[in-house]
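Participant: With numbering that gives the first Met the number 0 applied, the sequence shown has no gaps in its numbers, which climb one by one up to 220 at the end.
The beta carbon of each residue, even a glycine, is placed where N, CA and C say it ideally should be.
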Amino acid sequence: MGLLTCTIFISWILGIVLGTLAGYLPNKLWCQVMDKIFILIYPIPYYILALILVMAFCYHFQVFPLVGGASGKPEISWSYLSSILWHSFLPATSLIVGSTAFRFIMAKALTSTIIASDYVNYAETAGLSRWRIVLFYVIRNTLLPQATDLGLSIGGIFSGTVITEIVFSYPGIGYSLYMGLLQADFNLILGITVFSIVGIATAALLVDLSYPLLDPRVRYK
0 MGLLTCTIFI
10 SWILGIVLGT
20 LAGYLPNKLW
30 CQVMDKIFIL
40 IYPIPYYILA
50 LILVMAFCYH
60 FQVFPLVGGA
70 SGKPEISWSY
80 LSSILWHSFL
90 PATSLIVGST
100 AFRFIMAKAL
110 TSTIIASDYV
120 NYAETAGLSR
130 WRIVLFYVIR
140 NTLLPQATDL
150 GLSIGGIFSG
160 TVITEIVFSY
170 PGIGYSLYMG
180 LLQADFNLIL
190 GITVFSIVGI
200 ATAALLVDLS
210 YPLLDPRVRY
220 K
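1. Give the straight-line distance between the Cα atoms of R129 and V66, rounded to the nearest whole angstrom.
2. Tell me, to the nearest whole angstrom, how far the beta carbon of V133 is from that of T19; I am working on the premise that it is less than 8 Å.
3. With distance defined between alpha-carbon atoms, name the residue in S116, L176, D148 and A146 nearest to Y136.
4. Quick one: what's got a C-beta closer than 7 Å to V62's C-beta in the same chain, skipping five residues either side?
5. To the nearest angstrom, how far is the alpha carbon of T192 from that of I172?
6. Between A69 and the rest of its own chain, which residues show a CB-CB distance below 8 Å, the 5 nearest in sequence each way excluded?
7. So, S98 versus T6, is the Cβ gap smaller than 8 Å?
8. Could you check what DSSP says for P73 in three-state terms: helix, strand or coil?
9. With a threshold of 16 other CB atoms inside 10 Å of the CB of L149, please say whether the residue is buried or exposed.
10. Measure the CB-CB distance between A183 and T141 and report whether it falls below 8 Å.
11. Since R139 and W11 are thought to touch, with beta carbons under 8 Å apart, how far apart are those beta carbons, to the nearest angstrom?
12. Please list, in chain order, all residues of the same chain as L180 whose beta carbon is under 8 Å from its beta carbon, the five residues on each side excluded.
13. Out of P25, Y45, S175 and S152, state which residue places its alpha-carbon closest to the alpha-carbon of I205.
14. Hey, Y46 and I199 are a contact pair by Cβ (cut 8 Å); roughly how many whole angstroms apart?
15. Tell me which same chain residues have a C-beta within less than 8 Å of the C-beta of P144, skipping the five on either side of it?
16. Give every residue of the same chain whose Cβ lies closer than 6 Å to the Cβ of T147, excluding the five residues on either side of it in the sequence, and list them in chain order.
17. Give every residue of the same chain whose Cβ lies closer than 7 Å to the Cβ of M33, excluding the five residues on either side of it in the sequence, and list them in chain order.
18. Alpha helix (DSSP H) containing P211: first to last residue?
19. Write down every uninterrupted run of the alpha helix (DSSP H) in the segment 98-142 whose length is 4 residues or greater and which is fully enclosed by it, in chain order.
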């Protein structure tokens, strides 16, 4: 659950920031290179990325551990915390790369539409700095669909990322669901399913309630 929570927020922020910059500055070389990289990565399923990372960094180079969520006795110490981070690096990377590619493409498409609007042209004519235009005129007006994506992704935390956790044998909700299916543990399966349904429904409600805060045009009376 902690793994998926961190990867969702990291990929969401990275996707929005990089996608917005690529959409607002399409002629910059680094934006064009980044655009091609993410378009190439986007169609690759996250579990294929996970397998590539396992083969490269667990079998070939043997830099990262192959299985588990940590090593050593659970305790509050820097060594145990670093062990958790070390074990979760590859699973998190496989999830972040794919999710960032999707959110990058979405943010860039939204930004490309927004920058042609009158208020952005007026802000540029008024001499506002690029960073102010990006923060207060572009990103703010592209947040509605991206907030929906974030809310539904957070709701999916309770179902976990089954395949990634299986590939890395990482202890999480998805791996617990997989073990429950193998052992015919119906109580565990039902519990995870119920939590997933409640999480998605709650996230959808929170997204609806947050719309008036993000966009004054949809304030409820």
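Facilitator: According to the structure data:
1. Taking the first residue of the sequence shown as 1, we reach residue 129 at position 130. Taking the first residue of the sequence shown as 1, we reach residue 66 at position 67. Cα to Cα, R129 sits roughly 46 Å from V66.
2. Translated into positions along the sequence shown, residue 133 becomes position 134. Translated into positions along the sequence shown, residue 19 becomes position 20. That pair is a contact at about 6 Å.
3. Here residue 136 refers to the residue found at position 137 of the sequence shown. Cα-wise, what sits closest to Y136 is S116.
4. To locate residue 62, count along the sequence shown from 1; it is residue 63. The answer, listed in chain order, is F56.
5. Against the sequence shown, residue 192 aligns to sequence position 193. Against the sequence shown, residue 172 aligns to sequence position 173. Cα to Cα, the separation comes out at about 10 Å.
6. Here the question's residue 69 lines up with position 70 in the sequence shown. Contacts found: Y79, S82, I83 and H86.
7. The residue labelled residue 98 in the question sits at position 99 within the sequence shown. The residue labelled residue 6 in the question sits at position 7 within the sequence shown. Yes, the pair counts as a contact, with Cβ atoms nearer than the cut-off.
8. Counting from 1 along the sequence shown, the entry for residue 73 is found at position 74. Coil.
9. Taking the first residue of the sequence shown as position 1, residue 149 is located at position 150. The residue is buried, with at least 16 neighbouring Cβ atoms inside 10 Å.
10. The residue labelled residue 183 in the question sits at position 184 within the sequence shown. The residue labelled residue 141 in the question sits at position 142 within the sequence shown. Against a cut-off of 8 Å, the Cβ pair of T141 and A183 comes out as no contact.
11. Looking up residue 139 in the sequence shown gives position 140. Looking up residue 11 in the sequence shown gives position 12. At roughly 15 Å, the Cβ-Cβ gap does not stay under 8 Å, so R139 and W11 are not in contact.
12. Residue numbering aside, residue 180 sits at position 181 when the sequence shown is read from its first letter. Same-chain partners within the cutoff: I188.
13. Locating residue 205 in the sequence shown gives position 206, counting from the first residue. Looking at the sequence shown, residue 205 is not Ile but Leu. The shortest C-alpha separation from L205 is found at S152.
14. Along the sequence shown, read from residue 1 onward, the residue named residue 46 stands at position 47. Along the sequence shown, read from residue 1 onward, the residue named residue 199 stands at position 200. Contact doesn't hold; Cβ gap of about 21 Å is too wide.
15. For the purposes of this step, residue 144 is taken as residue 145 along the sequence shown, with counting starting at 1. Counting only Cβ-Cβ distances below 8 Å, and skipping sequence neighbours, we find M105 and L109.
16. As a first step, residue 147 is located in the sequence shown; it is residue number 148 there, counting from the start. Within the same chain, T147 has close Cβ partners V206.
17. The count along the sequence shown starts at 1 and reaches residue 33 at position 34. Once the five neighbours on either side are set aside, the close Cβ partners of M33 are L17 and A21.
18. Counting from 1 along the sequence shown, the entry for residue 211 is found at position 212. First-last of the alpha helix (DSSP H) with P211: F185 to L213.
19. 117-124 and 129-132
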